[in-house]
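Residue numbers (the working numbering): 404 to 665. C-beta atoms are modelled at their ideal positions from N, C-alpha and C, and glycine is treated no differently.
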């Protein structure tokens, strides 16, 4: 089927964007949920003992429509809250109890394929799932929108705003990245092809894995033409790094953008 799609494109029967969409559908069934999830370090969550004022403030600060709720630690999630369910309590906060707006959690194993997760969401009538490892620990969260993006590409939302804040362009070739930026988000945004692994999900984790030691400011790492310069490390965590793209990569990205617009 993939060869037929390529032949159709070469013969002019399929545009590049149509071919890309079909290939995304093929890849969807092969992709594991851990490759598309929002990783644990990037999760904004609420403690079960939060007041209504604390909850509304957290929603305003993070700009998400849904937030997980936990007791004691994120490994003990008890559900999630949708911001719209808080509206009726804003004028009568004394009546609010978190149990009144709490929606039950849906769990998916980190080795599940996206097509299976989609079926599970449809069956549970849920748009929000917690990704857990073999020990039951929470590794991340997955939303229906994350699944749709695997097929149609990026959908601008609150997560994209967060990614924008984690990638600061200096010019066409140079960018400042936060260490907590997900490798998958960088690959999508800058069309890089950094490897994704079970051992890490963030740029900081990737660079630590490549280096094999705790990174220090000023240290440089090169990977397949990409040059990373470590800018800030705190308590052994990489907080900020500068990325330089090769000139050829910038030209290729520009050409692909122009072709897709045709």
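Endpoints, alpha helix (DSSP H) assigned at residue 608: Here residue 608 refers to the residue found at position 205 when the chain shown is read from its first residue. First-last of the alpha helix (DSSP H) with residue 608: 606-614.
Cβ pair residue 632, residue 640 closer than 8 Å: Position 229 of the chain shown, counting from 1, holds the residue named residue 632. Position 237 of the chain shown, counting from 1, holds the residue named residue 640. No. Outside cutoff.
In or out: residue 493 buried (at least 16 other Cβ within 10 Å) or exposed? Sequence index remark: in the chain shown, residue 493 carries index 90 (1-based). Of the other Cβ atoms in all chains shown, fewer than 16 fall within 10 Å of the Cβ of residue 493; this residue is therefore exposed.
Between the beta-carbon of residue 516 and the beta-carbon of residue 435, is there less than 8 Å? Along the chain shown, one-based indexing puts residue 516 at 113. Along the chain shown, one-based indexing puts residue 435 at 32. A contact, by the Cβ cut-off of 8 Å.
If we ignore side chains and look at the alpha-carbon of each, how far apart do residue 663 and residue 440 end up? Residue 663 sits at position 260 when you count from the first residue of the chain shown. Residue 440 sits at position 37 when you count from the first residue of the chain shown. In this prediction, residue 663 has a pLDDT of 45, which is less than 50 and means its spatial position is unreliable; nothing more can be read from the coordinates.
Tell me the rounded alpha-carbon separation between residue 543 and residue 621. Sequence index remark: in the chain shown, residue 543 carries index 140 (1-based). Sequence index remark: in the chain shown, residue 621 carries index 218 (1-based). So the alpha carbons of these two residues sit roughly 31 Å apart.
In terms of residues, what are the limits of the beta strand (DSSP E) holding residue 542? Locating residue 542 in the chain shown gives position 139, where the first residue counts as 1. 541-546 is the extent of the beta strand (DSSP E) around residue 542.
Tell me, please, whether the stretch 475-488 touches the stretch 578-591 by the rule of three or more beta-carbon pairs shorter than 8 Å. The stretch 475-488 vs the stretch 578-591: no contact.
Could you spell out where the beta strand (DSSP E) holding residue 642 opens and where it closes? Locating residue 642 in the chain shown gives position 239, counting from the first residue. That run of the beta strand (DSSP E) goes 640-647.
Is it true that the CB of residue 470 sits closer than 8 Å to the CB of residue 365? Summary: the structure shown does not reach residue 365, with the chain confined to residues 404 through 665, and so no result is reported for it.
With distances taken between CB atoms, is the gap from residue 650 to residue 591 smaller than 8 Å? Numbered from its first residue, the chain shown carries residue 650 at position 247. Numbered from its first residue, the chain shown carries residue 591 at position 188. No, the Cβ-Cβ distance between residue 650 and residue 591 is not below 8 Å.
Measuring alpha carbon to alpha carbon, tell me which residue in 610, 627 and 568 is nearest residue 595. In the chain shown, the residue the question calls residue 595 occupies position 192. Of the listed residues, the one whose Cα sits closest to residue 595 is 627.
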